[in-house]
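See structure below.
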Amino acid sequence: MQRAAFSKGFIYLVLIIGSVCMLLPFAWMFITSIKSPGEVMMMPPVWIPEDFKWENYKEAWSMAPFARYTINSIIVTVLSTLGELVTTILAAYAFSRMHFYGRDILFSILLGTMMVPGEVLLIPNYVTLSNLGWIDQYQALIIPWLASIFSIFLLRQFFLGIPQELSYAAKIDGCNNFRFLWTIMVPLAKPALITIVLLKAIGSWNSFLWPLIVTQSKEMRTLPVGLTSFSTEAGINYELLMAASTMIILPMIILYFCLQRYIIEGVAKAGIKG
Amino acid sequence: MKIQLKELSMKFDDVLAVNGLNVHINKGELVSLLGPSGCGKSTTLFMLAGLYKPSSGEMYFGDTLVNNVEPENRGIGMVFQNYALYPHMTVLKNIMFPLKMAKVPHKKAEEKAIEMANLVQIGHLLDRKPKQLSGGQQQRVAIARALVKQPQLLLLDEPLSNLDARLRIEMREEIRRIQQEVGITTIFVTHDQEEAMSISDKVLLMKDGQFQQYSKPQEMYDHPVNMFVGKFMGNPPINMIPVTFDHKNLSIQINGTDEKLKVTSKLNYELVSGNQMLLGVRAEDFVLEKLEGISNSFSAKVDLVERTGRDTLVHATVGNHAIRALVNQDFVVKPSNIVKLSIRKNRLQLFDAETELNLVLGKE
Amino acid sequence: MIQKPTFTSTWKALLYLLPALVILLTFNIYPIIKSFIMSFYTDYDFFKDIVYEYGLDNFTYIFQDAEFWKSVVNTLVFVIGVVPLSIVISLGIAILLNTKIRFKGIFRSIYFLPFVTSVIAISMVWRWLYHTDYGLINYSLGLFGIEKIAWLTDPQWAMPAIIIMCIWKGLGYNIIIFLAGLQNIDQQLYLAAQIDGAKPWKRFMNITLPMLSPTMFFISIVSVINSFKVFDEVFALFDGKPGPAYSAQTIVYYIFEKFYNEWEFGIASAAAIILFVIIFLITLIQLRLGRSRIIY
Chain A
104 MQRAAFSKGF IYLVLIIGSV CMLLPFAWMF ITSIKSPGEV MMMPPVWIPE DFKWENYKEA
164 WSMAPFARYT INSIIVTVLS TLGELVTTIL AAYAFSRMHF YGRDILFSIL LGTMMVPGEV
224 LLIPNYVTLS NLGWIDQYQA LIIPWLASIF SIFLLRQFFL GIPQELSYAA KIDGCNNFRF
284 LWTIMVPLAK PALITIVLLK AIGSWNSFLW PLIVTQSKEM RTLPVGLTSF STEAGINYEL
344 LMAASTMIIL PMIILYFCLQ RYIIEGVAKA GIKG
Chain B
239 MKIQLKELSM KFDDVLAVNG LNVHINKGEL VSLLGPSGCG KSTTLFMLAG LYKPSSGEMY
299 FGDTLVNNVE PENRGIGMVF QNYALYPHMT VLKNIMFPLK MAKVPHKKAE EKAIEMANLV
359 QIGHLLDRKP KQLSGGQQQR VAIARALVKQ PQLLLLDEPL SNLDARLRIE MREEIRRIQQ
419 EVGITTIFVT HDQEEAMSIS DKVLLMKDGQ FQQYSKPQEM YDHPVNMFVG KFMGNPPINM
479 IPVTFDHKNL SIQINGTDEK LKVTSKLNYE LVSGNQMLLG VRAEDFVLEK LEGISNSFSA
539 KVDLVERTGR DTLVHATVGN HAIRALVNQD FVVKPSNIVK LSIRKNRLQL FDAETELNLV
599 LGKE
Chain C
468 MIQKPTFTST WKALLYLLPA LVILLTFNIY PIIKSFIMSF YTDYDFFKDI VYEYGLDNFT
528 YIFQDAEFWK SVVNTLVFVI GVVPLSIVIS LGIAILLNTK IRFKGIFRSI YFLPFVTSVI
588 AISMVWRWLY HTDYGLINYS LGLFGIEKIA WLTDPQWAMP AIIIMCIWKG LGYNIIIFLA
648 GLQNIDQQLY LAAQIDGAKP WKRFMNITLP MLSPTMFFIS IVSVINSFKV FDEVFALFDG
708 KPGPAYSAQT IVYYIFEKFY NEWEFGIASA AAIILFVIIF LITLIQLRLG RSRIIY
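These protein sequence lines are chains A, B and C, in that order. Residues 104 to 377 in my numbering are what the first sequence spells out, letter by letter. Residues 239 to 602 in my numbering are what the second sequence spells out, letter by letter. Residues 468 to 763 in my numbering are what the third sequence spells out, letter by letter.
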């Protein structure tokens with residue numbers, strides 16, 4: 104009995120220490136972001152600033168075109184997520200419910216390309232986009248990301264789990280393929296779709312290398328790219344840098360805490376099926 | 239609506255799932271498609287529904303050829319084995335769905351759906367989701383959804399197989415009641431011969447894609463056209479005893495014994511291929527006596543007596559052939575007793591050992 | 468139930484596939500082929516899209532480039548530093564989380580949090596944590612009497628700095644996958660083993676680990692592949708430089724440098740192809756090893 108209590112206490116201790124390590128960077132980011140420049144450099148570190156300097160956020164916001172970056176990030180995230188959702192639903196339906204020549208070969212080829220690291224695609228895609236004249240435009244940030252093999256695979260698996268008889272029943276009820284997809288399959292696949300949307304939105308909001316490469320002007324940068332250039336401008340003003348970082352991280356944290364069930368379960372399922 | 243199938247065939251790759259089916263179904267009849275799994279009964283149903291395109295042959299609904307008519311335009315309703323209710327819609331929405339697809343105004347659709355729900359006695363469950371219903375209730379919803387468009391033909395694909403034994407009997411009575419109330423031509427797929435016997439006006443029995451027999455259930459039971467039909471119908475299964483036919487005396491001798499029986503039924507001699515035959519007698523058609531000297535009978539040794547309450551099943555051996563006979567419960571017999579068995583008048587079947595066809599002429 | 472494809476059904480399916488296929492063909496499949504071809508461009512005009520000469524020059528250049536070899540070594544060090552540690556730690560935490568404790572969900576959410584946050588933004592935070600004079604990490608180490616470490620400016624410490632941060636960031640993902648794997652293990656196995664007299668450690672070695680081997684296998688492949696492609700963290704932590712004195716230059720960073728800063732498209736493509744081959748080979752080796760090690 105005592106041993107059980109002891110081992111339980113040990114488990115909590117380890118988990119709590121681990122959690123502190125996980126949360127500390129976030130906490131420290133936030134604390135620093137509301138410090139005065141003097142407090143930032145103080146040793147030993149100040150844990151609770153004397154007064155909360157919220158104006159750091161305002162200052163950081165105005166030092167670089169963060170408003171523009173935010174708008175860009177929102178546009179890119181929303182459009183590429185919505186676009187991917189549509190292409191994924193249509194393609195997953197075709198791969199799971201339609202019978203056509205070359206279906207299995209095509210699907211295998213697509214799965215095979217998932218093996219290739221995205222970095223390999225970088226250069227030819229850059230060339231393609233510059234030939235199209237899309238460099239430094241929204242098209243370059245959005246269009247290459249409007250379809251994802253991974254999402255198609257994930258949704259196809261989900262669709263395959265929906266009984267075939269439903270489509271027969273719908274057909275007899277006078278519901279055509281396209282309508283069946285949107286009125287029956289899509290509502291039923293809601294959990295999978297939410298996962299796909301969330302993972303895509305997070306990935307899109309946080310993506311860095313691609314926006315870095317295809318944007319040139321300040322006006323086209325997304326938040327992460329903007330932040331790296333701001334970090335040079337902010338220099339040693341860490342309170343401003345932390346304020347900016349907080350602003351970028353916060354939306355995803357809020358999204359995460361509202362819908363974490365879908366994210367975590369989605370990752371667990373997608374991961375296991377891999 | 240009357241249905242006519244002419245030389246209907248379905249081929250999947252090299253498998254002939256249905257082979258040259260010719261059937262005529264009268265308006266308002268309930269016909270069971272019966273057979274073991276893989277016999278092509280579901281394929282036939284799916285062709286009738288328009289979900290499969292036949293490889294060859296013709297299907298007529300009324301006088302119209304429907305081979306190339308889309309499912310939704312065939313005027314059919316269908317109930318699936320797993321009911322295929324839309325899980326995210328309420329009962330009412332499920333029943334209304336076909337009307338919605340047909341662009342019936344919402345108000346009218348709702349009225350009709352409620353009317354239909356009342357007919358199948360689920361009027362009090364309209365706001366539930368399918369998951370919150372029992373198997374029998376889901377079944378009723380599926381029937382309501384199938385009937386709401388007032389189809390001319392109702393197709394049921396093994397609708398009772400997912401229910402437990404008690405509910406199965408209740409629902410099959412329900413289906414019969416609803417079918418007769420609506421007066422709709424109905425085709426019912428099942429692998430359970432008892433189910434088919436109890437519910438149908440006519441039974442169509444299939445095996446390996448081949449048509450076997452199409453007749454009234456009692457007729458199929460009393461006069462199976464071949465050994466397969468004889469064996470498939472009835473429980474306990476029909477006794478099949480190898481015999482040798484004596485053309486001169488019109489009698490049969492049970493192989494491996496001296497037991498002889500006179501054949502009084504008229505035989506179709508055109509079908510006889512040799513003198514080897516199988517005597518088919520249903521368990522309840524034997525008459526057992528303990529006395530000697532009963533004419534036209536043979537003797538057998540009792541091995542086992544099973545009492546099931548209502549009646550008694552006697553397992554016995556004649557020569558080296560096992561037979562089963564149902565007798566009245568007050569007939570007292572013990573293992574190792576010798577009994578005399580005779581066969582009720584006109585209740586014996588003789589199957590040709592080679593062609594497996596029934597040689598006894600039917601009533602016609 | 469078998470249904471056969473027909474021309475009509477193929478035509479219809481194509482309509483459904485069209486949007487996805489246009490994008491995937493242009494931006495996923497074509498570039499794979501193109502990248503391969505580009506790696507053989509030795510003399511070309513990118514702007515006019517004319518190739519004057521093909522050859523193996525890019526590959527010979529890369530193989531003779533000390534900088535490339537350094538980036539390969541750095542990447543390997545990174546992979547070896549991150550993958551085993553990350554797996555051990557996350558497995559340990561997953562096992563603790565899989566016991567009968569309270570607040571399981573909260574713990575799980577906390578560990579997973581870094582997964583959803585921007586690498587760039589979080590790297591800024593770590594840059595601040597790693598600060599030699601005012602960083603929280605050096606301050607904490609100081610409490611134990613450890614001298615200040617120049618995490619981000621001393622070439623010796625740049626790699627460890629990146630490794631620690633990446634373990635921290637990737638822990639949550641592995642934990643979630645491990646937890647899913649653990650929950651798939653039939654509890655009756657443990658009861659049976661307990662009745663057979665197996666003590667907790669024995670149960671771990673004889674049931675948990677073998678039953679978890681497919682999960683372990685999956686995680687190790689994914690972690691190795693992802694670790695080989697590390698870039699964002701390096702870029703952000705060292706302010707757009709591959710670490711002090713190139714001490715944290717990885718293969719992807721090398722590709723990025725050749726492509727983005729030096730406009731050597733052919734060399735960059737060749738390096739990307741080499742990266743692909745390396746990842747491919749290592750995955751193959753892992754699959755081989757995995758096949759003999761996966762118990763069921």
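All residues carry an ideal CB built from backbone N, CA and C; glycine is no exception. Bear in mind that the values here come from a model prediction, so they are computed numbers and not experimental data.
Collapsed DSSP secondary structure at I275 (chain A) in the structure displayed: Locating residue 275 (chain A) in the first sequence gives position 172, counting from the first residue. I275 (chain A): helix per DSSP, three-state reduction.
- request: Would you list the residues sitting across from K445 (chain B) in a DSSP beta bridge?
  value: Counting from one through the second sequence, the residue named residue 445 (chain B) turns up at place 207. Under DSSP, K445 (chain B) forms a beta bridge with B:Q448.
message: As a quick exercise: from B:I490, B:L385 and B:V552, pick the residue whose alpha carbon is nearest that of S535 (chain B).
response: As a first step, residue 535 (chain B) is located in the second sequence; it is residue number 297 there, counting from the start. Here the closest residue by C-alpha is B:I490.
field: Residue range of the beta strand (DSSP E) that includes Q242 (chain B)
entry: For this step, residue 242 (chain B) is matched to residue 4 along the second sequence. Q242 (chain B) -> beta strand (DSSP E) spans I241 to F250.
- request: Inspect the beta-carbon positions of V565 (chain B) and T546 (chain B) and report whether they are closer than 9 Å.
  value: Reading the second sequence from its first residue, position 327 is the one you call residue 565 (chain B). Reading the second sequence from its first residue, position 308 is the one you call residue 546 (chain B). No, these two residues do not count as a Cβ contact at 9 Å.
- request: Provide the residue span of the alpha helix (DSSP H) that contains A563 (chain B), from first to last.
  value: Looking up residue 563 (chain B) in the second sequence gives position 325. Counting along the chain, A563 (chain B) falls outside any alpha helix (DSSP H), though it belongs to the beta strand (DSSP E) covering H559 to V565.
- prompt: Do you know how far the Cα of S399 (chain B) is from the Cα of P309 (chain B)?
  reply: As a position in the second sequence, residue 309 (chain B) is number 71, starting the count at 1. As a position in the second sequence, residue 399 (chain B) is number 161, starting the count at 1. So the alpha carbons of these two residues sit roughly 24 Å apart.
task: Let me know the secondary structure DSSP gives M166 (chain A) once reduced to three states.
output: Along the first sequence, read from residue 1 onward, the residue named residue 166 (chain A) stands at position 63. DSSP places M166 (chain A) in helix when its eight states are reduced to three.
message: According to DSSP, is N673 (chain C) part of a helix, a strand, or is it coil?
response: Start at 1 with the first residue of the third sequence, and residue 673 (chain C) comes out as number 206. Assigned with DSSP and collapsed to three states, N673 (chain C) falls in helix.
message: Give me the residue from A:S307, A:G369 and A:G277 with the minimum Cα distance to I177 (chain A).
response: Taking the first sequence and counting its residues from 1, one reaches residue 177 (chain A) at position 74. Taking only the C-alpha atoms, the option nearest I177 (chain A) is A:S307.
- request: Out of B:V427, B:I407, B:Y324 and B:V269, state which residue places its alpha-carbon closest to the alpha-carbon of S225 (chain B).
  value: Because chain B is modelled from 239 through 602, residue 225 (chain B) falls outside the range shown and cannot be assessed.
field: Length-filtered (3 minimum) beta strand (DSSP E) runs lying within the region 165 to 197 of chain A
entry: Counting only unbroken stretches of 3 or more residues, no beta strand (DSSP E) element lies wholly within the region 165 to 197 of chain A.
message: Looking at chain A, is there any beta carbon in it that lies within less than 9 Å of the beta carbon of N260 (chain B)?
response: The count along the second sequence starts at 1 and reaches residue 260 (chain B) at position 22. It does not: the Cβ of N260 (chain B) has no partner Cβ on chain A nearer than 9 Å.
- request: Return helix, strand or coil for M350 (chain A), following the three-state DSSP convention.
  value: Looking up residue 350 (chain A) in the first sequence gives position 247. In the structure shown, M350 (chain A) adopts helical secondary structure according to DSSP, grouped into three states.
task: State yes or no: is the C-beta of G600 (chain B) within less than 9 Å of the C-beta of E432 (chain B)?
output: Stepping through the second sequence from its first residue, residue 600 (chain B) is reached at position 362. Stepping through the second sequence from its first residue, residue 432 (chain B) is reached at position 194. Using a Cβ distance threshold of 9 Å, G600 (chain B) and E432 (chain B) do not count as a contacting pair.
- prompt: Can you give the beta carbon distance from E700 (chain C) to C633 (chain C), rounded, assuming they're within the 8 Å contact cut?
  reply: Mapped onto the third sequence, residue 700 (chain C) falls at position 233. Mapped onto the third sequence, residue 633 (chain C) falls at position 166. Right, their Cβ atoms sit about 6 Å apart.
query: How is the alpha helix (DSSP H) around P551 (chain C) delimited, first residue to last?
result: For the purposes of this step, residue 551 (chain C) is taken as residue 84 along the third sequence, with counting starting at 1. Unbroken alpha helix (DSSP H) run through P551 (chain C): A533 to L564.
field: Exposure of V555 (chain C), with buried meaning 16 or more beta-carbon neighbours within 10 Å
entry: For the purposes of this step, residue 555 (chain C) is taken as the residue at position 88 of the third sequence. In this structure V555 (chain C) is exposed. Its beta-carbon is surrounded by fewer than 16 other beta-carbon atoms within 10 angstroms.
message: Run through chain A and tell me which residues come within less than 7 Å of L289 (chain B), C-beta to C-beta.
response: Taking the second sequence and counting its residues from 1, one reaches residue 289 (chain B) at position 51. By Cβ distance, chain A contributes Y271 and K274.
M334 (chain B) Cβ short of 8 Å to the ligand GDP heavy atom set: Looking for the ligand GDP in the displayed structure turns up nothing, as the structure carries no ligands at all.
field: Check whether M515 (chain B) and F483 (chain B) have beta carbons under 9 Å apart
entry: Position 277 of the second sequence holds residue 515 (chain B). Position 245 of the second sequence holds residue 483 (chain B). Less than 9 Å separates the beta-carbon of M515 (chain B) from that of F483 (chain B).
query: Taking Cβ positions only, does R282 (chain A) come closer than 9 Å to chain B?
result: The count along the first sequence starts at 1 and reaches residue 282 (chain A) at position 179. Using a Cβ-Cβ cut-off of 9 Å, R282 (chain A) counts as an interface residue toward chain B, since at least one Cβ of chain B sits closer than that to its own.
- request: Return the Cβ separation of E142 (chain A) and P152 (chain A) in integer angstroms, given the expectation that the two are a contact with Cβ distance under 8 Å.
  value: Translated into positions along the first sequence, residue 142 (chain A) becomes position 39. Translated into positions along the first sequence, residue 152 (chain A) becomes position 49. Going by Cβ atoms, the distance from E142 (chain A) to P152 (chain A) rounds to 6 Å, so yes, they are a contact pair.
task: Determine whether the Cβ of T184 (chain A) lies closer than 9 Å to any Cβ atom of chain C.
output: Counting from one through the first sequence, the residue named residue 184 (chain A) turns up at place 81. Judged by the 9 Å Cβ criterion, T184 (chain A) is not in contact with chain C.
Residue-chain proximity (F536 (chain B), chain A), Cβ-Cβ < 9 Å: In the second sequence, the residue the question calls residue 536 (chain B) occupies position 298. At a cut-off of 9 Å between beta carbons, F536 (chain B) makes no contact with chain A.
- request: Identify each residue in the region 323 to 339 of chain A for which the Cβ-Cβ distance to at least one residue of chain C is less than 7 Å, and report them in chain order.
  value: Answer set for the region 323 to 339 of chain A: P327, L330, T331, S334 and T335.
query: Would DSSP call Q655 (chain C) helix, strand or coil?
result: As a first step, residue 655 (chain C) is located in the third sequence; it is residue number 188 there, counting from the start. It is helical.
message: Closer than 7 Å between beta carbons: that is the criterion. Which residues of the region 132 to 165 of chain A meet it against chain B?
response: Identification of residues in the region 132 to 165 of chain A having a C-beta nearer than 7 Å to some C-beta of chain B yields an empty set.
message: Strictly below 7 Å CB to CB, what residues from chain B border I287 (chain A)?
response: Counted from its first residue, the first sequence places residue 287 (chain A) at position 184. Per Cβ cutoff of 7 Å: Y324.
query: Hey, does F318 (chain B) have any beta-carbon neighbour from chain A nearer than 9 Å?
result: Translated into the one-based positions of the second sequence, residue 318 (chain B) becomes position 80. Judged by the 9 Å Cβ criterion, F318 (chain B) is in contact with chain A.
- request: Would you kindly check if the distance between the Cβ of T335 (chain A) and the Cβ of Y172 (chain A) is under 9 Å?
  value: The sequence position of residue 172 (chain A) within the first sequence is 69, counting from 1. The sequence position of residue 335 (chain A) within the first sequence is 232, counting from 1. No.
- prompt: What residues in its chain sit with their C-beta under 7 Å from that of L603 (chain C), if we drop five residues either side in the sequence?
  reply: One-based indexing of the third sequence puts residue 603 (chain C) at position 136. Counting only residues of its own chain and dropping the five nearest sequence neighbours on each side, L603 (chain C) has a CB closer than 7 Å to the CB of L596.
Proximal chain A residues relative to N505 (chain C), where beta-carbon distance stays under 9 Å: Taking the third sequence and counting its residues from 1, the one referred to as residue 505 (chain C) is at position 38. First, the amino acid is wrong: residue 505 (chain C) is Met here, not Asn. Near M505 (chain C) (Cβ distances below 9 Å), the residues of chain A are I226, P227 and V230.
message: Looking at the strands, I want to know which residues DSSP matches up with V518 (chain C).
response: Numbered from its first residue, the third sequence carries residue 518 (chain C) at position 51. According to DSSP, which records beta bridges pairwise, V518 (chain C) is partnered with C:Y511.
- prompt: Helix, strand or coil for L323 (chain B) per DSSP?
  reply: The residue you call residue 323 (chain B) lines up with position 85 of the second sequence. Three-state DSSP puts L323 (chain B) in coil, outside helix and strand.
- prompt: Which chain B residues are close to M302 (chain A), counting only those with a beta carbon under 7 Å from its beta carbon?
  reply: Looking up residue 302 (chain A) in the first sequence gives position 199. Per the sequence shown, residue 302 (chain A) should be read as Leu rather than Met. Residues of chain B with a Cβ closer than 7 Å to the Cβ of L302 (chain A) do not exist; the shortest Cβ-Cβ separation is about 23 Å.
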